[in-house]
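What follows is a set of notes on a single structure, which appears directly below.
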Amino acid sequence: MTKETLIVSLKGPNSVSPERALTEAPWVRRTLIGIAILFVGLFLIMPLFEVFASALDKGVDYYFTAITDPMALSAIKLTLVAAFFSVVLNTLFGLASAWAITKFNFPGKNLLITLIDIPFSVSPVIAGLIYVLLFGLQGLWGPWFINHNIHIIFAVPGIVLATIFVTFPFVSRELIPLMQEQGSDEEEAALVLGANGWQIFWKVTLPNIQWGLLYGVILCNARAMGEFGAVSVVSGHIRGLTNTLPLHVEILYNEYNFTAAFAVASLLTFLAIVTLIAKALVGAKYKDEKVILPTSLESEPTL
Amino acid sequence: MSIEVKNLNKTFNGFNAVKDISLKLESGSLVALLGPSGSGKSTLLRMIAGLEIPDSGEIHLTGKEATYVSAKERNVGFVFQHYALFKHMTVFENIAFGLRVRKQGEKEIRDRVHELLDLIQLSGLDKRYPSQLSGGQRQRVAVARALAPRPEVLLLDEPFGALDAKVREELREWILRLHEETSVTTLFVTHDQNEALEVAGRILIMNYGKIEQDGTPIEIFDHPATHFIAQFVGETNYIDTEVAEIGLAVWGPFRFSINPSLTVGQKIRIYFRPHDVYVTEQFETLQVKARIKKTRFKGTVIEYLLDLGDGKSIFAQVPKGVALASGFKDGQDVYAAITAFHVFPL
Numbered sequence: 000m001t002k003e004t005l006i007v008s009l010k011g012p013n014s015v016s017p018e019r020a021l022t023e024a025p026w027v028r029r030t031l032i033g034i035a036i037l038f039v040g041l042f043l044i045m046p047l048f049e050v051f052a053s054a055l056d057k058g059v060d061y062y063f064t065a066i067t068d069p070m071a072l073s074a075i076k077l078t079l080v081a082a083f084f085s086v087v088l089n090t091l092f093g094l095a096s097a098w099a100i101t102k103f104n105f106p107g108k109n110l111l112i113t114l115i116d117i118p119f120s121v122s123p124v125i126a127g128l129i130y131v132l133l134f135g136l137q138g139l140w141g142p143w144f145i146n147h148n149i150h151i152i153f154a155v156p157g158i159v160l161a162t163i164f165v166t167f168p169f170v171s172r173e174l175i176p177l178m179q180e181q182g183s184d185e186e187e188a189a190l191v192l193g194a195n196g197w198q199i200f201w202k203v204t205l206p207n208i209q210w211g212l213l214y215g216v217i218l219c220n221a222r223a224m225g226e227f228g229a230v231s232v233v234s235g236h237i238r239g240l241t242n243t244l245p246l247h248v249e250i251l252y253n254e255y256n257f258t259a260a261f262a263v264a265s266l267l268t269f270l271a272i273v274t275l276i277a278k279a280l281v282g283a284k285y286k287d288e289k290v291i292l293p294t295s296l297e298s299e300p301t302l
Numbered sequence: 000m001s002i003e004v005k006n007l008n009k010t011f012n013g014f015n016a017v018k019d020i021s022l023k024l025e026s027g028s029l030v031a032l033l034g035p036s037g038s039g040k041s042t043l044l045r046m047i048a049g050l051e052i053p054d055s056g057e058i059h060l061t062g063k064e065a066t067y068v069s070a071k072e073r074n075v076g077f078v079f080q081h082y083a084l085f086k087h088m089t090v091f092e093n094i095a096f097g098l099r100v101r102k103q104g105e106k107e108i109r110d111r112v113h114e115l116l117d118l119i120q121l122s123g124l125d126k127r128y129p130s131q132l133s134g135g136q137r138q139r140v141a142v143a144r145a146l147a148p149r150p151e152v153l154l155l156d157e158p159f160g161a162l163d164a165k166v167r168e169e170l171r172e173w174i175l176r177l178h179e180e181t182s183v184t185t186l187f188v189t190h191d192q193n194e195a196l197e198v199a200g201r202i203l204i205m206n207y208g209k210i211e212q213d214g215t216p217i218e219i220f221d222h223p224a225t226h227f228i229a230q231f232v233g234e235t236n237y238i239d240t241e242v243a244e245i246g247l248a249v250w251g252p253f254r255f256s257i258n259p260s261l262t263v264g265q266k267i268r269i270y271f272r273p274h275d276v277y278v279t280e281q282f283e284t285l286q287v288k289a290r291i292k293k294t295r296f297k298g299t300v301i302e303y304l305l306d307l308g309d310g311k312s313i314f315a316q317v318p319k320g321v322a323l324a325s326g327f328k329d330g331q332d333v334y335a336a337i338t339a340f341h342v343f344p345l
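Chains as they are written, first to last, in numbering that gives the first Met the number 0: chain A, 0 to 302; chain B, 0 to 345.
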């Protein structure tokens, strides 16, 4: 008999121990926690191990050959390029939209908030198709670009555009609620003190949102590097030219080159783990900042 | 250093927050803008600071037209109710902000910040962050930050509203001393009448976007200009009756001599303060009979609910010493007279 149940039985059948009054019975708690751990292990941890195990199936040498293959290196490069552009542009857009939405009132504000979410609600394949329809051979603007010898579809610009589209909301979605919560008091104070818009942004607004911004950037980057669907539609799968890491994994896999596929996949998995750790670290910092610290000096005279 | 406002109007989504307000503040004055919440006082203050743009009217600061001048060019100091300190900056950097954006020299900044830290009596705390300060300390830092660039006027929006009663009282004293030392033209918004009466040399009372009375604390308290002010400032009894004959109104056992210009039959409301009800054990001239129905201890005074018979009752306040010496108790028969009152036609 555990100590807890002993106390309960001593108090009689109708009384509850102080801990029990606030929570569920031990068997309920244990069962729920057990189920959660089982699911996480089965569906998240095991596949992760499987990725690394399969990647190292043919030894470390083979692993490094697979990830240093020129095609793999070119895929890594293209993934980094696409991620770089989407992170930079979406950060700028995220800041601008969050600033506009939280600091000004204008007609169509709610519509803008809804529109920002479109990439989350549209299937990535559709997102890719949109660009094919716009810039493809039979597309709306496609012929004009092709006549001017600018290749967008089945080329790097298309991949960058599709990646930007799917990662569009991450930064602004993170910043809008944060900036709404913080209000404009500090900005108004800075304005009355004589600061111009630029000074207000760098000295007041940015320090207040820096952790939230970084959090959004991390999520945006992770998605940009891992995007498959939209990129797959616009890429054309030209090896060494328009393949990103996820596409490269698919090609290797379809060629029954499983070990190489998993080796490259392990890079993406590794990236995911790094993202997770960065997210946890930044998230903790971000939470600290949102919590208004209790006044620690109440004992001191207030005047 | 003076503030002049002419025919100022401001509407928010069809709501007239400020209606045709004109006022003039002399250089070096300390003025309170008092009113219930939603009366437009904060909007007026924010328009003077340049944080809101009026729909029409003019604002002049130190004789210069400033209606559409950007807040950053107006050189006003503004103190927010919730401090609005820069939470990622130290106390020193908060106070220095207005000087840094003006690109002042490092030495000048340091001297000015330390001068202000002395003024707000927080000299040792320059390296603290706002989260490490108490509410009263934060608000003093906010005042110092506003004063750092030597503003021509200081505007305070409910500066003590978020603080507890004791700290509020201390800060009232402090702001008075501060004003004596700096003599910067100061306009502060408050909904706390005690704050306004105690601190300001002049009070503007706002209600529904208009200034109802503009006067010294004594004028406001003893000569309320309108119904609203008679009820809003200080505690008061009011009774409704009508003019019985030229120069006379009657309510219960009381007879009031009123302005003879009021016509007979005119409905009127008479206001009188509980401390203007004179209560004694023994009958004196012009008093009427009353019975103590309820006693309430209010610190320095004791309040009695006096039953006048016929379902009529009024509140009277007696200084504690007098009340204790007289030994008033519930159910006792006493005599009462109303020594001062104000009559407003309904």
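Where is the CB? At the ideal position from N, CA and C, for every residue including glycine.
What does a CB cutoff of less than 7 Å around E299(A) pick up in its chain, not counting 5 residues either side in sequence?
The residue you call residue 299(A) lines up with position 300 of the first sequence. Confidence is the limiting factor: at E299(A) the pLDDT is only 36, short of 50, which leaves the residue's position unreliable, though a coordinate-based value still follows. Taken in chain order, the list of residues that qualify is empty.
In chain order, which continuous runs of the beta strand (DSSP E) of length 3 or greater are located wholly inside the segment 122 to 197 of chain B?
152 to 156, 184 to 189
Buried or exposed: where does R348(B) fall if 16 or more other Cβ atoms within 10 Å of its Cβ makes it buried?
Outside the displayed range of chain B (0 to 345) lies residue 348(B), so it cannot be described from this structure.
Delimiting residues of the alpha helix (DSSP H) encompassing W250(B)
Position 251 of the second sequence, counted from the first residue, corresponds to residue 250(B). Counting along the chain, W250(B) falls outside any alpha helix (DSSP H), though it belongs to the beta strand (DSSP E) covering 247 to 250.
Q209(A) in three-state terms, based on DSSP:
By 1-based counting over the first sequence, the position of residue 209(A) is 210. In the structure shown, Q209(A) sits in a helix (DSSP, three-state: H, G or I).
Whole alpha helix (DSSP H) elements within the segment 217 to 265 of chain B, 4-residue minimum
226 to 231
Residues near I100(A) in its chain [Cβ-Cβ closer than 7 Å; skip 5 each side]:
Numbered from 1 along the first sequence, position 101 holds the residue referred to as residue 100(A). Same-chain partners within the cutoff: K108, L111, I112, I175.
Under 8 Å Cβ to Cβ from A48(B), same chain only, skipping five residues before and after it: list those, please.
As a first step, residue 48(B) must be located in the second sequence, where it is residue number 49. The residues are A70, R73, V75, F77, L154.
With DSSP as the reference, label E51(B) as helix, strand or coil.
Position 52 of the second sequence, counted from the first residue, corresponds to residue 51(B). Coil, per DSSP.
For a cutoff of 8 Å on Cβ pairs, would you count T294(A) as touching chain B?
As a working note, residue 294(A) is residue 295 in the first sequence. Any answer about T294(A) is weak, because its pLDDT of 36 lies below 50 and its placement is not dependable; what the coordinates show is given next. Answer yes: the Cβ-Cβ gap between T294(A) and chain B drops below 8 Å somewhere.
What residues from chain A crowd round V75(B), counting only those whose CB sits closer than 7 Å?
In the second sequence, counting from the first residue as 1, residue 75(B) sits at position 76. Chain A residues near V75(B): V191.
What does DSSP give as the partner residue(s) for Q212(B) in the beta ladder?
The residue given as residue 212(B) occupies position 213 in the second sequence. According to DSSP, Q212(B) bridges with I204(B).
Counting Cβ pairs, one atom from each stretch, are 3 or more of them under 8 Å apart for the segment 148 to 160 of chain A and the segment 207 to 218 of chain A?
The segment 148 to 160 of chain A vs the segment 207 to 218 of chain A: no contact.
Does any residue of chain A have a CB that is nearer than 8 Å to the CB of L118(B)?
Numbered from 1 along the second sequence, position 119 holds the residue referred to as residue 118(B). Output row for L118(B): interface = no.
For L132(B) versus G56(B), is the C-beta distance shorter than 8 Å?
Here residue 132(B) is taken as the residue at index 133 of the second sequence, counted from 1. Here residue 56(B) is taken as the residue at index 57 of the second sequence, counted from 1. Their beta carbons are not under 8 Å apart, which means L132(B) does not touch G56(B) by this criterion.
Between the C-alpha atoms of V165(A) and F63(A), what's the straight-line distance to the nearest angstrom?
Looking up residue 165(A) in the first sequence gives position 166. Looking up residue 63(A) in the first sequence gives position 64. If you take the alpha carbons of V165(A) and F63(A), they lie about 31 Å apart.
Write down every uninterrupted run of the alpha helix (DSSP H) in the segment 181 to 209 of chain A whose length is 4 residues or greater and which is fully enclosed by it, in chain order.
Inside the segment 181 to 209 of chain A, DSSP marks whole alpha helix (DSSP H) runs of 4 or more residues at positions 184 to 191, 196 to 199, from first to last along the chain.
With respect to the alpha helix (DSSP H) encompassing L84(B), which residues constitute its N-terminal and C-terminal limits?
In the second sequence, the residue the question calls residue 84(B) occupies position 85. It is not in any alpha helix (DSSP H) - L84(B) carries neither H nor E in the DSSP assignment.
Quick one: what does DSSP say S312(B) is sitting in, helix, strand or coil?
Here residue 312(B) refers to the residue found at position 313 of the second sequence. If DSSP states are grouped into helix, strand and coil, S312(B) belongs with the strands.
Quick check: what's the CA-CA separation for Y237(B) versus P158(B)?
The residue labelled residue 237(B) in the question sits at position 238 within the second sequence. The residue labelled residue 158(B) in the question sits at position 159 within the second sequence. Near 32 Å, if we compare the C-alpha coordinates of P158(B) and Y237(B).
For chain A, find out if any of its Cβ atoms is closer than 8 Å to the Cβ of K40(B); answer yes or no.
Stepping through the second sequence from its first residue, residue 40(B) is reached at position 41. By this cut-off, K40(B) is not an interface position.
Would you identify the three-state DSSP class for N104(A), choosing helix, strand or coil?
Here residue 104(A) refers to the residue found at position 105 of the first sequence. Taken through DSSP and simplified to helix, strand or coil, N104(A) comes out as coil.
C-alpha distance - N195(A) paired with D60(A), whole-angstrom precision:
The count along the first sequence starts at 1 and reaches residue 195(A) at position 196. The count along the first sequence starts at 1 and reaches residue 60(A) at position 61. Rounded to the nearest angstrom, the two C-alpha atoms are 58 Å apart.
Considering only the alpha carbon of each residue, which of L246(A), M178(A), Y252(A), I272(A) lies closest to G93(A)?
Position 94 of the first sequence holds residue 93(A). Taking only the C-alpha atoms, the option nearest G93(A) is M178(A).
Which one or two residues does DSSP pair with F11(B) in a beta bridge?
Here residue 11(B) is taken as the residue at index 12 of the second sequence, counted from 1. F11(B) has F14(B) as its beta-bridge partners, per DSSP.
Mapping DSSP to helix, strand and coil, what is E64(B)?
Along the second sequence, read from residue 1 onward, the residue named residue 64(B) stands at position 65. Here E64(B) sits in strand by DSSP.
Please report the distance separating the alpha-carbon of E302(B) from that of S26(B).
Locating residue 302(B) in the second sequence gives position 303, where the first residue counts as 1. Locating residue 26(B) in the second sequence gives position 27, where the first residue counts as 1. Going from the Cα of E302(B) to the Cα of S26(B) covers about 42 Å.
May I ask whether a heavy atom of the ligand MN can be found less than 7 Å away from the beta carbon of G196(A)?
Of the ligands one can find in the structure shown there are none, so the ligand MN has no counterpart to examine.
Identify, in the order they occur along the chain, each residue of the same chain with its Cβ nearer than 6 Å to the Cβ of A221(A), setting aside the five sequence neighbours on each side.
Residue 221(A) sits at position 222 when you count from the first residue of the first sequence. Here the set comprises T274.
Determine, using beta-carbon pairs with one atom in the segment 140 to 149 of chain B and one in the segment 115 to 127 of chain B, whether at least three such pairs fall under 8 Å.
yes
Whole-angstrom distance between T61(B) and K288(B), CA atom to CA atom:
Translated into the one-based positions of the second sequence, residue 288(B) becomes position 289. Translated into the one-based positions of the second sequence, residue 61(B) becomes position 62. Going by the C-alpha atoms only, they are around 58 Å apart.
Local Cβ density within 10 Å of W98(A), reported as buried at 16 or more and exposed below that
As a position in the first sequence, residue 98(A) is number 99, starting the count at 1. With 16 or more other Cβ atoms within 10 Å, it is buried.
Which residues does DSSP pair with D332(B) in a beta bridge?
Position 333 of the second sequence, counting from 1, holds the residue named residue 332(B). Bridge partners of D332(B): R290(B).
Could I get the ranges of all uninterrupted alpha helix (DSSP H) runs contained in the segment 53 to 97 of chain A, with 4 residues as the minimum, in chain order?
58 to 67
With DSSP as the reference, identify every bridge partner of E72(B), one or two as the case may be.
Translated into the one-based positions of the second sequence, residue 72(B) becomes position 73. DSSP lists no partner for E72(B).
Same chain, Cβ closer than 7 Å to G39(B), five either side skipped, listed in chain order
Within the second sequence, numbered from 1, the residue matching residue 39(B) stands at position 40. Closer than 7 Å at the Cβ level, and outside the excluded window around G39(B), lie A16, V17, M205, G208.
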